[in-house]
Every structure is written in C-alpha cells, then in structure tokens.
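Protein chains: 2
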Amino acid sequence: MTKYQKIANIDYKKELESAAKSMILVHEPDILIKMVLRRIVQKVQVNHATILLQHRDKDAYLIRVSHKHPGVKMFTGFARIDKDNPLIRFFTQHQDKQIFDDGALVYEELKKTLEKNIKPELKQLIAQVIEQMEVLEAIVCIPSYFRADLLGMLLLGKKNNGKKFNKQELNFFLALSSEVAMAMRNAQLFKALELELDKEHRLFMNTTIALAAAIEAKDRYTHGHTARVTDLSLEIAKKLIKKRYKALGPKFLQDLHIASLLHDIGKIGIPENILNKEGPLDDKEKKRMEEHPLVGVNILQFINELADCLAGVKYHHERYDGNGYPEGLKGDQIPLIAAIIAVADTFDAMTTERPYRRVLNKDDAVQEIMSLSGKQFDPQVTAVFFQLYQEGRI
Amino acid sequence: MTKYQKIANIDYKKELESAAKSMILVHEPDILIKMVLRRIVQKVQVNHATILLQHRDKDAYLIRVSHKHPGVKMFTGFARIDKDNPLIRFFTQHQDKQIFDDGALVYEELKKTLEKNIKPELKQLIAQVIEQMEVLEAIVCIPSYFRADLLGMLLLGKKNNGKKFNKQELNFFLALSSEVAMAMRNAQLFKALELELDKEHRLFMNTTIALAAAIEAKDRYTHGHTARVTDLSLEIAKKLIKKRYKALGPKFLQDLHIASLLHDIGKIGIPENILNKEGPLDDKEKKRMEEHPLVGVNILQFINELADCLAGVKYHHERYDGNGYPEGLKGDQIPLIAAIIAVADTFDAMTTERPYRRVLNKDDAVQEIMSLSGKQFDPQVTAVFFQLYQEGRI
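Chains W and C, in that order, give the protein sequences. So for the first sequence, this note's numbering puts the first residue at 1; every next one is plus one. So for the second sequence, this note's numbering puts the first residue at 1; every next one is plus one.
What follows is the structure, encoded as structure tokens:
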C-alpha cells in the first residue's frame, strides 16, 4: 500500500461521512442540493456537477446544475427531463452488467460498447444516451437507487486537470450519489409534511375566523369587533412579552389569538332581541347576556387542544377589583390571557357605536381605560396599552 | 495491502453505505433503532449493543438495548440517564485528545489513564466513567456529535470471540454511530412534525364540530342533526367509493366530512322566530330560510382550503328533477358531494320531531326516500342508501 493510496482512502471515508453528516438534517431541498453540488465541485475540481432528482410524482426528473466555470453553456436552476428520456430509460430498464459494472456510466467506455455485438435496440438506446451526455456535457453518470427505484443521478463534467476519473473516484461518487438522493428524498418528504401542516393550520385559523365573524354578524353593532379585539390583544401581548414576560413564547400568542377570536362565541345562544335591544337591558336580559362567557366555555370545553385558550373566553369580563363576572376573580387571580382581552374588548366597544352608549374618540377612550387601571383593568396590561398608544400604534 | 485488509475494507464501506441507505428514510424512531441494533449485533457478533440518544429536551439521554444473549442482566426498552451522568459529562466537557484520540472510548485504555499524571478532577471523572461502563457492561463507548452537540452514543459489549476490538472496527463504529444519531434525530423531527399535524387536524375538526353544534343549538328541533347527517353522509360515500367511485379517495371523504359539518352554517343568520316557528312559514319567511345555503357559502368562500367543500354547502337543497334551490340544478349537474348530503339531511329530518311534520319511523322514512329516488334524489345515492338500510347499518 503506497502512502498516496492510504491518504486517498482516508479522504474518501472522511468526505463521505462528513457529507452524510451535513446532509441528513438539512430539510430544505434547495439548500441541500446547492450544498452538495458546491462540495463536489470544490473537492473534486470538476468542470460542473449536475444532479437529476426524481420528481415526487415520479413522472419526471428535476435538473440542478452547480455553479460552473465561465465558458460552459448550461441551463441553470431547476429544469426537468421526462421519465422517457433515454438517460432515465437506460438506468430504469437496462441495469445490464455487460455495459457498466459498478453502476457508473463513463462516456469513453460507453462509446466503446457501440463497437460491440449487442442487440440493435440497446445499441440505439446507448447512442441516444451518448447524445444526452453530450448535451449535458457529462463525462460520467452515476445513478442512485432505493431498491429498484431510480431516485436520482449525478452527472459530472470534465476534471479540471484533464485526467480521467479513476476507479476510486467513481466509487466515491457512487456512494455519494446514493446518499444525496436519499437525503433529498428525505428533505422532500419533510418539506411536504411542513406544507401540509401549514395548510392545516391556515384551514383551522381561517375557518375559526369565518365562523366567529358569522356568529358576530348576528349582532349588528359589533361588525369587525372580533378582528379588532384580536389584533389589539396580540399587539399588547407581544409588547408584554418583550418587556417582562420573555418566558411566554409563541404558544401564549397562539392561545391568545384563538381565545380572542372565540371570546364572544357564547353569544351564539343569546336571542337577537336582547343583543340588539335599543334600550337598557332588564335584570333578566342582563343575566342572560352575562352568561355568554360560560356558554362559550361549554361550547369549547371538550376540545383538548384548546384547553389553554379557555381561560381567555371564560374570564374576559372579570374585573381587577373583583367586581366582574362570572366568578368575581380579583387581581392576579385573573389569567393574563383574559386580562389582555378585557382591555382590548372594552377599548373596541368604547370606540364603536353601540345602543345607549355614546361613541368615544380614540383619545378619550384611552383616557377612560387608563382611569380604570387597577379598578377594572390589570395595571401591567394598561401600562403596555398606553405605551402602544403613545407610539401611535393604537 | 494483504488480501484480508482489502476484503475488510470493502465490507466496511458496504456496511456503512447499506446502513445509511436503510436508515435515512425510516421515520419511526423505534423501528429505526431496533433495525440498527439488530444489524450491529448480527454483523459484528458482540454480546450487546446499546444506544444512548439525546432526548428532544436535551436534558437526558434515552437508553435502548439490543436483544442480548441470555445471562446478561440489563434493563430493556427505553430508560433514561440524566445529562449530568459522568458518561455524558465526559463527552460533553472533556473532548480531550490525550484521553482518547479518535473519539472511541475503550474500557481497557481508559483504565490505564488512571495511572497517568492527569488532573485530579479528570481522574475522578474517569473513575466514574469506568464505573458507568461496568454497570452498562460496555467495552467501548463511541460518541456522536452534530457540531458541538452530543447527539448520542453507541455502547458495545464484549465481542463473542473474546478478542479486542481492532482499530478498523472502532473506525467503523465511529462512522456508524454518527449516522445512527443523525438518522434518529431526523426520525424524531419527522415524528414530531407528524404529531403536530395530527394535533392541528384534530384541532380543526373538533373546533368545527363544536361551532357547528353551537350554531345548530339555536334551532331547538335539530339537536344532534349535524352529527347524524355527517355520519350517514360518510357511510354512504364510503360504500359508493367501494362500489363504483374507486377514484374518489380520502380527499373526497375529508371534503364531505367538512361539508356535512358545515352544511347548515348559513342558518346562523336566520332569526329564531323563523327557525322555531310552530306553524307553516309565510312566503317571506320561506324565502329567508332558503337563503341559508348561499349565506353558508358567503361565510366560507374566502377559505381556499375549503374550496372543494363549498359545493356540498351550496347545493344540498338541489333536487334531482331540477325543482330544488338555490340554482335549480338537475341530475348530474348536482355535485355528488351535495347529492349525498341531500339524502342524509332529508332522512334525518324525517326521523326527527319537527313542527308541523309528523315524525316517521325508520322503515317509513327509508320507504319515502326511495319513493323520491330520481325525483328529489340521485338514484345512485339512494341505491347505496338502501343497501346500507338492508345491511342494518341505518
């Protein structure tokens, strides 16, 4: 064993291990493929490296080309070739040991096979493959399979030093190509799952928004109320988190978002004649009206995933001084999620035309909210609310 | 290079490649780890192989032990060791080249270091590590890192032939351990994403069910109506798919599920006095009532993800003979999703007490539905409906 061989051996192993390491946890197909191509071109000093990757629908292969040296004319970015392309057909239909033994297809070797005594159809296919390799300026094609499935292919241009690829290099590429295709498939699956999750989340949020808006539409005085309360609640919460509740993360914001969308859901059961009454409510009507937080909880209580939102629905009419409903909670007993909605809800009611209550302009409404700080509202919430006002964000 | 070395070399590469290949696309952590452990014990003939894998919260490592030979006393299944365990601390705090050069920790070598002149704290830690290895019956520990993060560790028992592990074997395990930890992390991330998707889907379905039920609760005659219509619609659809619409897959069922939950959502805007009127509706009231499919569409129309459900909401009061509303569609013009809901909806209305309509028993209601086949209802839907009845599933 010469010293050169030994070093080459170690490089090969290290390269493969390090490539695999960096690939598996990259779940962005585009970044992954760029990374791999850059690595190949840098380490092996080839003119270009191109990856063909099976499309999810399996009807085509996507082409991705490395940054290549000036003077080489090749398409960049993603393009696609059909699964009927001779190059693909060759690897899916003719895994013929006669033609290429270890799986790598070498341009020079392939040309020689045309002289051999092989079946005419195969000869024709090989001629087409050679043509494709010329179009793609590929000296070597290395397929990678998962079981019988052709996941992808690595195509390499000339070596910069003009030499042929040796056996060891071909073996390395064979192993690498296989890893790349698997990592790419993995990344694609990951990406698909993430997109599905996004879609499902949008579906949930949008449906909840639509239904909340529909329920609210019954009450002709509150058009747009839910959306405005939700926006303001989230503004307050973001500032609170920044200022003093760093531990409250995205989960709190998500819960608050849902809770403020659904805070008045319990009004669904209140007859229109109470909701829209053009005069003060009598005791019975008032009692009915004040049931809406608990009716809301009744509607949502069996949805486990909403457990942390319920406090916002249930307690958004509690008062800091203990004079609210439904339980008369006081001060810190009132969950923060509800204390935030309470401020946003009241501010929006004050600035919207309602029966038997004059509409306040923004400045007056803020002043009234602040005068109720420590009485009706949690002072730490009103403090943040006032800052937002001063910053012109309310 | 002797022949033996060459063969061993090829085995090593092939093993690693084949291990990597089978690992990346296995996204079930439990299956993955079993697979790897079985492979190690079979190929390398060791007494046992144990994997420590960093927990998602990074505060502990989970222990997974291979099927071991009888006589070895070890805990099986998942157990956990704290991140303060000396074994973990050694690899996270002392990546000391003096102690182990290539990353593998060999029990015999480690014992020798205790004789060396090293810092007392390190000596104490090494003594604790040795103790841990004895508890775990480990001859070798092989850590695997992602950047500076200790993802996991491979622990191997004695070789069955009693020999020491050679350098080449240690190198193989080092590479393998790294691959295993990455694949496991990948699988864990995948699993976490799948669980999140499940959760988000449950959240959407349950919230939609709760809100639909709440909207329906306004109409005291229809308690449970939505749930029953949804169940029956799905039963009919599954049978239809089995019989003649094999192309309609899970997507159709999912759309139908949502559409039947929301089919009466437009009733949200109809005043209670019309919904609950104890006599026949006058023309104006009837007109108002018949607007509910279009009101439903108005509520949901901007939710892109629900686009394929809308036809069910919009057309569930169309009739096969063209005398329905809102558009008077006829026969095959009526989307299948709506034709299914129409049958389920009417059947449930017939068998439930309503003002000014006698309640029918199940047999009479089925008979009436069948007598309206081809007039009010799509014959292919009623045919399946009747089969379900005959099978006792209605």
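Ideal Cβ placement from N, Cα and C applies to all residues, glycine included.
Between which two residues does the beta strand (DSSP E) containing residue i stretch?
i                      : result
residue 366 of chain C : Looking at the DSSP string, residue 366 of chain C is not in any beta strand (DSSP E); the run it does join, the alpha helix (DSSP H), is 362 to 371.
residue 79 of chain W  : 79 to 82
residue 388 of chain W : Unbroken run through residue 388 of chain W is the alpha helix (DSSP H), 379 to 390; no beta strand (DSSP E).
residue 62 of chain C  : 60 to 65
To which residues does DSSP link residue i through a beta bridge?
i                      : result
residue 145 of chain C : C:150
residue 354 of chain C : C:357
residue 140 of chain W : W:106, W:156
For the alpha helix (DSSP H) holding residue i, just list the boundary residues, first then last.
i                      : result
residue 107 of chain W : 107 to 113
residue 252 of chain W : 250 to 262
residue 302 of chain W : From DSSP, residue 302 of chain W is part of no alpha helix (DSSP H); its letter is neither H nor E.
residue 123 of chain W : 120 to 135
residue 268 of chain C : Looking at the DSSP string, residue 268 of chain C is not in any alpha helix (DSSP H), and its letter there is neither H nor E.
residue 310 of chain W : 310 to 314
residue 235 of chain W : 225 to 243
residue 87 of chain C  : 86 to 93
residue 288 of chain W : 283 to 290
Our contact map puts residue i next to residue j with C-beta atoms below 8 Å; I'd like the distance itself, whole angstroms only.
i                      : j                      : result
residue 335 of chain C : residue 320 of chain C : Not really, about 12 Å apart at Cβ, beyond 8 Å.
residue 184 of chain C : residue 52 of chain C  : With 8 Å as the limit, residue 184 of chain C and residue 52 of chain C do not qualify as a contact, their Cβ atoms being about 11 Å apart.
residue 346 of chain W : residue 359 of chain W : The Cβ separation is near 14 Å, so there is no contact.
residue 193 of chain C : residue 25 of chain W  : Actually they do not touch by this definition, with Cβ atoms about 13 Å apart.
residue 143 of chain C : residue 136 of chain C : Contact flag wrong, Cβ pair sits at about 14 Å.
residue 140 of chain W : residue 175 of chain W : Their Cβ separation, rounded to whole angstroms, is 14 Å, which puts residue 140 of chain W and residue 175 of chain W out of contact at 8 Å.
residue 369 of chain C : residue 382 of chain C : 6 Å
residue 215 of chain W : residue 267 of chain W : 7 Å
residue 294 of chain C : residue 300 of chain C : Not a contact, Cβ separation roughly 11 Å.
residue 81 of chain C  : residue 61 of chain C  : 5 Å
residue 35 of chain W  : residue 179 of chain W : In fact, because the Cβ distance is near 12 Å, the residues do not count as touching under 8 Å.
residue 222 of chain C : residue 303 of chain W : Incorrect: roughly 21 Å between the Cβ atoms, too far for contact.
residue 212 of chain C : residue 265 of chain C : 7 Å
residue 50 of chain W  : residue 39 of chain W  : Going by Cβ atoms, the distance from residue 50 of chain W to residue 39 of chain W rounds to 14 Å, so no, they are not a contact pair.
Which whole runs of the beta strand (DSSP E) in the region 148 to 183 of chain W are 3 residues long or more, in chain order?
List check, beta strand (DSSP E) in window: 149 to 156.
Counting Cβ pairs closer than 8 Å, one from the region 201 to 213 of chain C and one from the region 236 to 253 of chain C, do we hit at least three?
no
Suppose only complete runs of 4+ residues qualify. What are the alpha helix (DSSP H) ranges in the region 15 to 54 of chain W, listed by chain order?
Secondary structure within the region 15 to 54 of chain W: the alpha helix (DSSP H) runs of 4 or more consecutive residues, fully enclosed, are 29 to 44 (chain order).
The region 115 to 128 of chain C in contact with the region 184 to 195 of chain C per 3-pair CB rule at 8 Å
Flag = no, the region 115 to 128 of chain C and the region 184 to 195 of chain C do not touch.
Do the region 268 to 276 of chain C and the region 322 to 340 of chain C make contact, defined as three or more Cβ pairs closer than 8 Å?
no
Three Cβ pairs or more, each shorter than 8 Å: is that satisfied between the region 281 to 296 of chain W and the region 218 to 234 of chain C?
Judged by Cβ distances under 8 Å, the region 281 to 296 of chain W makes no contact with the region 218 to 234 of chain C, as fewer than three pairs qualify.
Stretch-stretch touch, CB-based, cutoff 8 Å, three pairs: the region 158 to 166 of chain W with the region 42 to 49 of chain W
yes
Assess contact between the region 251 to 261 of chain W and the region 302 to 315 of chain W, defined as three or more Cβ pairs (one per stretch) separated by less than 8 Å. Is contact present?
yes
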